[in-house]
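Residue numbers (our numbering): 23 to 133.
The beta-carbon is built from N, C-alpha and C at its ideal position, and this holds for glycine as well.
All remarks here apply to the structure that follows.
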């Protein structure tokens with residue numbers, strides 16, 4: 023059971039680090055939560071068995087790195103919304119241009 027939680031903890035911690043680096047950093051929260059839960063379960067099991075906790079430290083280190091990257095990206099990266107008036111004006115111009123193009127096309131109705 024301990025090995026299962028170690029594998030699950032490492033896998034989710036690595037997935038969370040990879041997701042934290044990519045533009046999908048908001049999705050890294052779910053693997054972070056799973057890795058923390060696995061780490062806490064492993065910590066409880068290792069205290070009960072009095073075994074080494076080195077692997078648990080690595081899992082928590084990866085979780086801390088992923089969490090810090092996710093928080094950093096959510097604070098620093100702000101999405102800017104463009105000027106809506108320019109977009110609406112450009113859309114109207116495109117609509118007028120397409121109407122003119124359609125009017126210029128001659129369709130032979132005697133087929």
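message = Tell me the DSSP secondary structure of residue 45 in three-state form.
response = Position 23 of the chain shown holds residue 45. In this structure, residue 45 counts as coil in the three-state DSSP scheme.
message = Give me, in chain order, the residues of the same chain whose beta-carbon lies closer than 6 Å to that of residue 71; leave out the 5 immediate sequence neighbours on both sides.
response = To locate residue 71, count along the chain shown from 1; it is residue 49. Taken in chain order, the list of residues that qualify is empty.
ask   = Say the cut is 7 Å; is the CB of residue 118 nearer than that to a heavy atom of the ligand MG?
value = The ligand MG is not part of the structure shown, which contains no ligands of any sort.
Proximity of residue 38 and residue 57 at Cβ, strictly below 8 Å = Position 16 of the chain shown, counted from the start, is the residue given in the question as residue 38. Position 35 of the chain shown, counted from the start, is the residue given in the question as residue 57. Contact flag set, yes.
request  = Going by CA-CA distance only, name the one from 90, 79 and 28 that's closest to residue 40.
outcome  = Locating residue 40 in the chain shown gives position 18, counting from the first residue. Selected option, being the one with the closest Cα: 90.
query = Measuring CB to CB, does residue 42 end up less than 8 Å from residue 81?
reply = Your numbering for residue 42 matches position 20 in the chain shown. Your numbering for residue 81 matches position 59 in the chain shown. No, these two residues do not count as a Cβ contact at 8 Å.
request  = State the CB to CB distance for the pair residue 85 and residue 51, rounded to an integer number of angstroms; the pair is presumed to be in contact (CB under 8 Å).
outcome  = The residue given as residue 85 occupies position 63 in the chain shown. The residue given as residue 51 occupies position 29 in the chain shown. Contact check for residue 85 and residue 51: beta-carbon distance about 11 Å, past the 8 Å limit, so the pair fails to qualify.
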